[in-house]
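S.K.: Protein chains in written order, with the numbering used here: chain A, 7 to 317; chain B, 82 to 260.
For glycine and all other residues, C-beta sits at the position ideal for the given N, C-alpha and C.
Sending over a structure as structure tokens; questions will come in a sec.
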């Protein structure tokens, strides 16, 4: 059973809850395989996506998930809303709640914004990525994808490569993978690895080769160009040379059934070589497809129950 | 402890299922385009038993599917949702579908199941087989095949136990304690 009304991060979820969400998502996959992808489960409910940062896959994935379950959706983009007139985050939330929103999906550049929202509104809130904190639905869909490909999660060796410091995806995945019994290694340029990560149970490396050795899963993070401008990286070429994931490195250091994951959008030729991105062992499209099923499961679980998720 | 009474034992259930299997063949004039769909949870083993018997009687293989109706319920607001998986390994278009459930009560489950099947395609016919009809229907839906009519009070609970899931075959009526 899901013990909470909001999905704010994987840090506070129990392995049993994560398992339950993944099992529910597996059932949702069957609906996605039908010729007519529509079930009436959430008829008459309204899901509001409130995104203060740009997004293609997360937002469209949530909206598609809501529509397949027959919920109505409203999507608010601050640049075309009253936010530009100076309306506060709090007032925006209360306005949308007064219109009858039954669940909020929130992405915000500030860590903790969804937590703040969950204290303002009386309906469930799902964090769709907040600052450098967490991106729990990405973490859950990665677990769902990996469980389907490998048949298990516990005992897997996962190596997360790239900008750990600024990545909310990395944070959710460190929690998710370790809670489900996988061991996690982190590797990237020392300027992009924060201190104190060992407390999560993950091992930290600064050279790629020892971190890749024997890995069952290589999770590649996107390198953001802004990092270079702020002086944390000398050049993208140097990053590619030292940390880029190439077929040669995988062949030399990882088992034949290695799986490569990436949260997207990919910078081909930077953190991941085009050959790896298009290879059969790279499950990026499976991740995207599973994202819809996973988000259907969360919407259904949070809006069901005795009180429809309301306080 | 609530008071319990046994309404059907293993042999009675076996005979009822066997009779229903014959009735399905008779009413459908054979097994052409026939398929059974069990409603999760206990409709599924019953559908499998019926399919096996019909297969033996007619020398054929009858396709069986499993239907989860969580997404079609009209009482999402009152239940903790647990979702199972729908597995229909055949195309329902133009098939003669027999839905199978263990207890027929208000008819709401069957309403939801019919909606769920219609979303998968357009069957030629949908029929309904149940092990127990306990009365109190709330919708204009009636089963085509009934193992046993069991008059009950609304306060009573009818529990079907099946070997595949519960280790024994039995139908039990639970009466609430007198206050």
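If you follow the beta strand (DSSP E) that residue 212 of chain B is in, where does it begin and where does it stop?
M.R.: Element bounds for residue 212 of chain B: 206–214.
S.K.: Do residue 224 of chain A and residue 260 of chain A have their CB atoms nearer than 8 Å?
M.R.: Yes, these two residues count as a Cβ contact at 8 Å.
S.K.: When you compare only the Cα positions, how much space is there between residue 312 of chain A and residue 11 of chain A?
M.R.: Low per-residue confidence applies at residue 312 of chain A: pLDDT is 49, beneath 50, and the placement is therefore not dependable, though the value from the model is reported in the following sentence. Whole-angstrom Cα-Cα distance: 12 Å.
S.K.: Hey, how far is the Cα of residue 143 of chain B from the Cα of residue 114 of chain B?
M.R.: Cα to Cα, the separation comes out at about 9 Å.
S.K.: Residue 149 of chain B touches chain A at which residues, Cβ-Cβ below 9 Å?
M.R.: 33 and 36, listed in chain order.
S.K.: I want to see whether chain B comes within less than 8 Å of residue 79 of chain A, judged by CB atoms only; does it?
M.R.: Cβ-Cβ to chain B under 8 Å: no for residue 79 of chain A.
S.K.: For the segment 237–253 of chain B, which residues have a beta carbon sitting closer than 9 Å to at least one beta carbon of chain A?
M.R.: Cβ contacts with chain A come from no residue of the segment 237–253 of chain B.
S.K.: For chain B, is any of its Cβ atoms less than 8 Å away from the one on residue 151 of chain A?
M.R.: Taking Cβ atoms only, chain B never reaches closer than 8 Å to residue 151 of chain A, which makes this a no.
S.K.: Taking only beta carbons into account, state which residues of the segment 199–211 of chain B come closer than 7 Å to chain A, listed in chain order.
M.R.: The residues in question are 200 and 201.
S.K.: Check the Cβ of residue 153 of chain B against every Cβ in chain A and list those closer than 9 Å, keeping chain order.
M.R.: Ordered by position in chain A, the residues that pass the 9 Å Cβ test against residue 153 of chain B are 45, 46 and 47.
S.K.: What are the residues that DSSP puts in a beta bridge with residue 55 of chain A?
M.R.: DSSP lists A:81 and A:111 as partners of residue 55 of chain A.
S.K.: Starting from the Cα of residue 175 of chain B, find the closest Cα among B:210, B:190, B:132 and B:116 and give me that residue.
M.R.: Checked all of B:210, B:190, B:132 and B:116; the closest Cα to residue 175 of chain B is B:116.
S.K.: Alpha carbon to alpha carbon, how far is residue 188 of chain B from residue 80 of chain A?
M.R.: Cα-Cα distance, rounded: 35 Å.
S.K.: Less than 8 Å between CB atoms is the rule here; does residue 40 of chain A satisfy it with respect to chain B?
M.R.: Closer than 8 Å: yes.
S.K.: Would you report the Cα separation of residue 179 of chain B and residue 306 of chain A, rounded to the nearest angstrom?
M.R.: The straight-line gap from Cα to Cα measures roughly 29 Å.
S.K.: Check the DSSP bridge columns for residue 89 of chain B and list the partner residues they point to.
M.R.: B:252.
S.K.: From residue 225 of chain B to residue 91 of chain B, what distance separates their C-alpha atoms?
M.R.: Residue 225 of chain B and residue 91 of chain B: Cα-Cα distance of roughly 23 Å.
S.K.: Can the beta-carbon of residue 118 of chain A be found closer than 8 Å to that of residue 141 of chain A?
M.R.: No, Cβ-Cβ distance for residue 118 of chain A and residue 141 of chain A is not below 8 Å.
S.K.: Sort out for me which residues DSSP pairs residue 288 of chain A with in a bridge.
M.R.: Residue 288 of chain A is bridged to A:266.
S.K.: So what's residue 43 of chain A in DSSP terms, helix, strand or just coil?
M.R.: In this structure, residue 43 of chain A counts as coil in the three-state DSSP scheme.
S.K.: Which term fits residue 107 of chain A, buried or exposed, when burial requires 16 or more other beta carbons within 10 angstroms of its beta carbon?
M.R.: When all chains shown are included, residue 107 of chain A counts as buried.
S.K.: Can you look up residue 312 of chain A in the DSSP assignment and give me helix, strand or coil?
M.R.: A caution first: residue 312 of chain A carries a pLDDT of 49, below 50, which makes its placement in the model unreliable, though a value can still be read off. Coil, per DSSP.
S.K.: Out of B:244, B:249, B:248 and B:232, which one is the CA nearest neighbour of residue 255 of chain B?
M.R.: Selected option, being the one with the closest Cα: B:232.
S.K.: Out of curiosity, what's the CA-to-CA distance linking residue 111 of chain B and residue 126 of chain B?
M.R.: Roughly 22 Å separates the two Cα atoms.
S.K.: Determine contact between the segment 114–133 of chain A and the segment 155–172 of chain A, defined as no fewer than three beta-carbon pairs at a distance below 8 Å.
M.R.: No, the segment 114–133 of chain A does not touch the segment 155–172 of chain A.
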